[in-house]
Structure formats: C-alpha cells, structure tokens
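Take 144 as the starting number for the sequence shown in this note's numbering and just add one per residue.
Even glycine gets a Cβ: it sits at the ideal position worked out from N, Cα and C.
Here is the structure we will look at.
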Amino acid sequence: MDYHTFELADSDKRVPTGFDTSNGLVFSLPGQVVICTGISAGWVTVSVDVRRCPPERVDTDAWDEIVEHSVETTDGALRVASVMSDTPDLPVLTPQGPGTYRVRVHARGRDTAPDGAVDEPVEEYLLIVWPADRQPDQVHRQSDHYGAQLRAQPSTPAPPVPTTQGDDDIRRRMRERLQRRRTP
144 MDYHTFELAD SDKRVPTGFD TSNGLVFSLP GQVVICTGIS AGWVTVSVDV
194 RRCPPERVDT DAWDEIVEHS VETTDGALRV ASVMSDTPDL PVLTPQGPGT
244 YRVRVHARGR DTAPDGAVDE PVEEYLLIVW PADRQPDQVH RQSDHYGAQL
294 RAQPSTPAPP VPTTQGDDDI RRRMRERLQR RRTP
C-alpha cells in the first residue's frame with residue numbers, strides 16, 4: 144500500500160489516474176481499480192471473496208465503509224496490487240475472464256492512523272467480486288472521517304503523461320495528486 148491507495152489491476156501497465164473522491168473509497172478505469180486507504184504507506188489486510196453471484200445480504204455492522212462499484216477487466220486477470228510493492232499472493236478476482244464485474248469494497252480502520260506510515264496493518268479490507276453488468280455505485284455504508292474528507296474534496300482529472308516521462312516523475316506526480324488537505 145502506497146500513496147493512500149492500493150489497486151486491482153489486470154496488468155503491470157498501470158497508468159496514472161485522476162482521483163475520483165465522490166464515494167470516498169473506490170474508483171476505476173478499464174483494467175485498473177483504485178481503493179483509497181487512510182494510511183499513506185505501510186501494510187493493510189486484504190481479504191477477497193470471488194463469487195458467481197452477489198451475496199444475499201450486506202454486513203454493515205462490521206465495517207465503516209461499504210461501496211459497490213462496477214469494474215471492467217480488459218485482460219481478464221484482475222489482481223490485488225500495490226503501486227510500489229510486489230503483488231500479494233491472492234487469487235485472480237475475475238476467473239470468468241474479460242468483462243464487467245461488481246466489486247463490493249468493505250473498509251475499516253481508515254481513521255486509525257490517517258496519513259501515517261505503519262509497520263503493522265491497522266486497516267482491513269474485504270473485496271467481494273462477481274460478474275455483473277455495469278451499474279452506478281451503490282453505497283451501503285459511509286461512516287469514517289477519512290471517507291467524509293475525501294467526499295468533500297473535488298475529484299481531479301488525470302494529468303496528461305508525456306511518453307518520455309520517467310518512473311520517478313510519475314511516482315512524484317501520483318504522490319502529489321493523492322495528498323489530501325487536512326481539515327481541522
């Protein structure tokens with residue numbers, strides 16, 4: 144986890160994205176999903192549940208934030224990834240191959256160490272994924288302070304990236320784009 148995010152990606156070729164803070168938790172482009180974390184760097188706990196159909200109920204009692212979001216996989220091998228770390232050993236989230244899926248992102252602990260760098264996980268995420276047609280986001284719960292701060296910020300479009308730009312410059316620009324204003 145780096146720069147207040149971790150990702151779901153179906154290739155190593157990630158592109159800098161704009162930062163859509165409208166639901167305070169998750170946004171995407173085809174082949175790339177960004178999940179917003181409270182910590183700026185460190186470890187988070189991520190569990191995945193890949194299904195053929197949606198769960199019948201939503202457990203809102205155990206989580207601070209829960210948002211369902213439509214994602215498109217272009218290669219059909221969407222995996223949990225991090226901007227700066229190795230890919231964790233978790234299963235492919237899209238076993239039916241390329242197409243459109245729903246991901247229900249559950250989050251808790253984002254208010255524990257906001258903007259911090261942690262050595263041990265203080266945040267936990269559950270990702271439930273199933274094939275489904277594209278639909279608008281569905282918010283099941285929004286209760287953490289960090290998510291409220293993100294929702295209060297305007298979304299920023301992705302800046303154009305020249306093809307000669309180096310990796311260090313891309314990482315610097317991503318860091319700048321993902322930094323958020325502190326509110327008293």
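Quick one: grab the DSSP three-state call for residue i.
i      : result
GLY252 : coil
GLY259 : coil
HIS288 : helix
MET317 : Low confidence applies here, because MET317 scores a pLDDT of 46, under 50, leaving its location unreliable; read the following figure in that light. MET317 falls in the helix class under three-state DSSP.
ARG222 : strand
ALA295 : helix
TRP273 : strand
ILE182 : coil
VAL304 : Residue placement at VAL304 is flagged as unreliable, the pLDDT there being 40, under the threshold of 50; a coordinate-derived value is accordingly withheld.
TYR146 : coil
Ordered along the chain, which non-local residues of its own chain (more than five positions away) have a Cβ less than 6 Å from that of residue i?
i      : result
ARG253 : GLY181, GLU266, ASP287, TYR289
HIS212 : VAL169, VAL246, ASP280
GLU215 : PRO173, THR243
PRO231 : VAL223
GLN278 : SER213
ARG194 : TRP273
Restricting to Cα atoms, I'd like to know which of the options is closest to residue i.
i      : options                        : result
PRO257 : ILE271, PRO231, ALA291, LEU236 : ALA291
ALA184 : PRO279, HIS147, HIS212, PRO274 : HIS147
ASP218 : GLU199, ILE209, PRO238, VAL177 : PRO238
PRO241 : SER225, ARG277, ALA220         : ALA220
VAL235 : CYS196, LEU270, GLN296, PRO297 : LEU270
VAL189 : TYR268, ASP202, VAL272, PRO297 : TYR268
Determine whether the Cβ of residue i lies closer than 7 Å to any Cβ atom of chain C.
i      : result
ASP153 : This model lacks chain C altogether, as it is built from one protein chain only.
Closer than 8 Å by C-beta to residue i: which residues in its own chain qualify, once you throw out the five before and the five after it? Chain order, please.
i      : result
ARG294 : THR164, SER165, ASN166, GLY167, GLN285
GLU208 : GLY167, LEU168, VAL248, HIS249, ALA250, ARG251, ARG253, ARG284, GLN285, SER286, ASP287, GLY290
How close, in whole Å, do the beta carbons of residue i and residue j come, if the pair is a contact with beta carbons under 8 Å?
i      : j      : result
VAL191 : VAL223 : 7 Å
VAL187 : PRO274 : Incorrect: roughly 26 Å between the Cβ atoms, too far for contact.
Excluding the 5 residues flanking residue i on each side, which residues of the same chain have their C-beta closer than 7 Å to its C-beta?
i      : result
THR306 : Any reading at THR306 must be qualified, since the residue scores a pLDDT of 41, below 50, and its modelled position is unreliable; the value itself is stated next. Taken in chain order, the list of residues that qualify is empty.
ASP276 : THR243
PRO198 : ILE271
Between residue i and the ligand SAM, is the CB less than 6 Å from at least one heavy atom?
i      : result
HIS283 : Within the structure as shown, the ligand SAM is missing, as the structure has no ligands at all.
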